[in-house]
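Positions in the sequence shown are counted from 1; adding 64 to them yields this note's numbering. Idealized CB from N, CA, C, for every residue including glycine. Structure first, commentary second.
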Amino acid sequence: MPNPQITFPAAFAPAQAVAFANGDNSAQVVSQTAPLPVTVTNAASGGGAMTEADGANVALGAKADAAATSDTGAFSLIALTKRLLGKLPASLGQKTAANSLPVVLPSDMGALPVSAAALPLPAGAATADNQGTANTALAAILAKLIAAPATAANQATANASLSAIAAQLPASLGQKTAAGSLPVTLPSDMATLPVSNTDGVADGATQTASVTSAAVVLSLDTLGYASGSFQITSIGSGNTVSFEQSNDGTNWTALPVNLATTPFVAYASTATVTGIFNFGIIARYVRARVSTYSSGTVTITSCLKRTKGDTETVLSTVISGGTATIGSIAAYAGYIEYTTSLAANAALPSPVSRVASANPSASYFNARAYSDQAGTMTIEQTINSGGTWEVVASTAVSAGVVAFLRIPTTGHLEEPCKFGVASARGVVGGAGNAVLRG
Numbered sequence: 065m066p067n068p069q070i071t072f073p074a075a076f077a078p079a080q081a082v083a084f085a086n087g088d089n090s091a092q093v094v095s096q097t098a099p100l101p102v103t104v105t106n107a108a109s110g111g112g113a114m115t116e117a118d119g120a121n122v123a124l125g126a127k128a129d130a131a132a133t134s135d136t137g138a139f140s141l142i143a144l145t146k147r148l149l150g151k152l153p154a155s156l157g158q159k160t161a162a163n164s165l166p167v168v169l170p171s172d173m174g175a176l177p178v179s180a181a182a183l184p185l186p187a188g189a190a191t192a193d194n195q196g197t198a199n200t201a202l203a204a205i206l207a208k209l210i211a212a213p214a215t216a217a218n219q220a221t222a223n224a225s226l227s228a229i230a231a232q233l234p235a236s237l238g239q240k241t242a243a244g245s246l247p248v249t250l251p252s253d254m255a256t257l258p259v260s261n262t263d264g265v266a267d268g269a270t271q272t273a274s275v276t277s278a279a280v281v282l283s284l285d286t287l288g289y290a291s292g293s294f295q296i297t298s299i300g301s302g303n304t305v306s307f308e309q310s311n312d313g314t315n316w317t318a319l320p321v322n323l324a325t326t327p328f329v330a331y332a333s334t335a336t337v338t339g340i341f342n343f344g345i346i347a348r349y350v351r352a353r354v355s356t357y358s359s360g361t362v363t364i365t366s367c368l369k370r371t372k373g374d375t376e377t378v379l380s381t382v383i384s385g386g387t388a389t390i391g392s393i394a395a396y397a398g399y400i401e402y403t404t405s406l407a408a409n410a411a412l413p414s415p416v417s418r419v420a421s422a423n424p425s426a427s428y429f430n431a432r433a434y435s436d437q438a439g440t441m442t443i444e445q446t447i448n449s450g451g452t453w454e455v456v457a458s459t460a461v462s463a464g465v466v467a468f469l470r471i472p473t474t475g476h477l478e479e480p481c482k483f484g485v486a487s488a489r490g491v492v493g494g495a496g497n498a499v500l501r502g
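What follows is the structure, encoded as structure tokens:
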């Protein structure tokens with residue numbers, strides 16, 4: 065029998081709310097703000113209930129939980145999820161390497177297809193434009209070959225050109241004479257070339273030795289050197305050092321040296337005091353030897369130089385052996401000799417002033433005079449020791465004016481000269497001299 069049809073009354077209305085009992089048995093209507101309480105029990109572990117009323121629980125965590133700081137610590141599910149999200153790119157699409165996840169391709173992966181449509185080409189790569197340029201160049205070469213093909217005549221011309229070039233080149237490699245070398249010029253900004261020391265000796269080489277008896281202190285081979293010095297730093301007491309030179313190392317002769325502090329003193333070949341003694345090198349060997357020994361220690365240090373010594377040393381060598389008086393000539397020898405007044409027409413005492421024969425190096429004789437009366441100043445010379453005087457120069461002297469007269473000392477330079485003012489040998493003044501200086 066079929067089920068009877070059930071008809072609901074038209075006045076039926078759906079329920080609008082569900083109520084539950086609170087702890088105090090009061091009724092509570094279920095709503096969005098007052099949801100139905102749910103209790104979840106962990107049946108497997110027998111754990112207690114957890115409530116979702118505040119939107120958080122121990123295992124899931126709250127929305128405000130910070131991202132986990134490690135993968136192994138005790139964190140909520142929400143904290144671990146935030147840590148995972150922090151390791152993923154912020155958005156999809158291509159990123160830089162620093163902002164991309166590291167991946168590794170599988171070892172059995174097939175080849176990846178690559179499109180070469182937009183690959184960059186290296187400079188000068190074969191392109192349509194470059195190929196056209198190359199074709200033009202090849203065509204030009206071909207035209208030259210066609211116009212002048214390899215024939216016996218052309219080959220002879222080429223051989224002649226090559227022969228001419230070969231004639232301009234050195235016959236072989238290696239150092240050649242100037243006439244057999246190609247001319248070259250060094251660049252203007254080239255660094256300074258080092259100079260090779262061909263004889264292999266060091267400039268300023270020194271040695272030091274000491275003795276306590278009459279013996280050789282130092283013996284030096286001077287090959288490659290031009291000058292040197294011995295410095296005696298200790299002389300002992302009553303000792304003499306002799307400086308010697310030799311070409312065979314067996315027969316020795318005196319070596320001239322001079323003390324460095326007095327370069328113009330005559331050369332010597334021995335020393336009895338401390339100091340530096342310079343010498344020029346002529347012989348192959350030089351040595352310093354204690355020739356006279358009394359007591360104490362004699363210590364000497366040598367120094368050999370590749371260059372010549374000072375010009376002062378050479379100059380002192382020349383001067384010390386001759387009679388030249390370079391550097392010792394008196395610049396002048398002058399004096400006021402006569403200041404006595406003269407009567408009219410009186411003769412000046414003879415001689416008033418003279419250059420004596422003791423100063424033969426003088427070049428000029430100068431005379432200067434002042435008189436309050438006009439007259440004549442003369443310079444006279446004698447060649448017989450004053451027996452006869454001859455006027456060699458004269459000048460007028462105006463009253464109250466200083467007169468000057470100068471002559472070179474020609475003739476017998478070692479004979480005396482004199483000068484006079486208004487003397488008997490000159491023009492005599494017309495009146496007496498109240499003032500006369502010469």
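Residue i: buried (16+ other C-beta within 10 angstroms of its C-beta) or exposed?
| i | result |
| --- | --- |
| residue 330 | exposed |
| residue 431 | buried |
| residue 132 | buried |
| residue 368 | buried |
| residue 362 | buried |
| residue 199 | exposed |
| residue 271 | exposed |
| residue 354 | buried |
| residue 322 | buried |
| residue 125 | buried |
| residue 204 | exposed |
| residue 229 | exposed |
| residue 319 | buried |
| residue 530 | In this structure the chain extends from 65 to 502, so residue 530 is not present and cannot be described. |
| residue 454 | exposed |
| residue 281 | buried |
For residue i, which of the options has the nearest alpha-carbon?
| i | options | result |
| --- | --- | --- |
| residue 456 | 466, 467, 442 | 442 |
| residue 347 | 168, 307, 361, 358 | 307 |
| residue 127 | 135, 185, 140 | 140 |
| residue 370 | 187, 202, 285, 254 | 285 |
| residue 288 | 302, 325, 269 | 269 |
| residue 303 | 325, 278, 292, 322 | 278 |
| residue 290 | 276, 266, 281 | 266 |
| residue 166 | 178, 156, 179, 151 | 151 |
| residue 470 | 257, 175, 428, 453 | 428 |
| residue 333 | 326, 309, 349 | 309 |
| residue 148 | 156, 157, 155, 135 | 135 |
Under 7 Å Cβ to Cβ from residue i, same chain only, skipping five residues before and after it: list those, please.
| i | result |
| --- | --- |
| residue 337 | 299 |
| residue 464 | 436 |
| residue 159 | 153 |
| residue 335 | 296, 305, 341 |
| residue 163 | 153 |
| residue 276 | 361 |
| residue 86 | 92 |
| residue 359 | 300, 301, 302 |
Compare the C-beta of residue i against all C-beta atoms of chain B and say whether one is closer than 8 Å.
| i | result |
| --- | --- |
| residue 244 | Among the protein chains of the structure shown there is no chain B, as only one such chain exists. |
Which residues in the same chain have their Cβ closer than 6 Å to the Cβ of residue i, if we skip the five residues on either side of it in sequence?
| i | result |
| --- | --- |
| residue 467 | 433, 441, 459, 461 |
| residue 283 | 351 |
| residue 20 | Summary: the structure shown does not reach residue 20, with the chain confined to residues 65 through 502, and so no result is reported for it. |
| residue 209 | none |
For residue i, I'd like the list of residues in its chain whose CB is within less than 8 Å of its CB, leaving aside the five on either flank, ordered along the chain.
| i | result |
| --- | --- |
| residue 130 | 143, 146 |
| residue 297 | 338, 363, 364, 365 |
| residue 324 | 293, 339, 340, 341, 342 |
| residue 311 | 347, 348, 349 |
| residue 452 | 446 |
| residue 89 | none |
Query raised in the report: Would you say the region 238–245 touches the region 303–317, given that touching needs at least three Cβ pairs under 8 Å?
Result: no
Requested in this report: Output the residue ranges of the beta strand (DSSP E) runs that lie fully inside the region 205–238 and measure 3 residues or longer, sorted by chain position.
Outcome: none
Requested in this report: Return the chain-ordered ranges of every alpha helix (DSSP H) run that is complete within the region 134–199 and spans a minimum of 4 residues.
Outcome: 141–150
Query - Runs of alpha helix (DSSP H) lying entirely within the region 245–293, each at least 4 residues, in chain order - result: none
Report task. Please specify which runs of the beta strand (DSSP E), each continuous and at least 3 residues long, are wholly inside the region 304–357, giving them in chain order. Result -> 304–310, 339–344, 349–356
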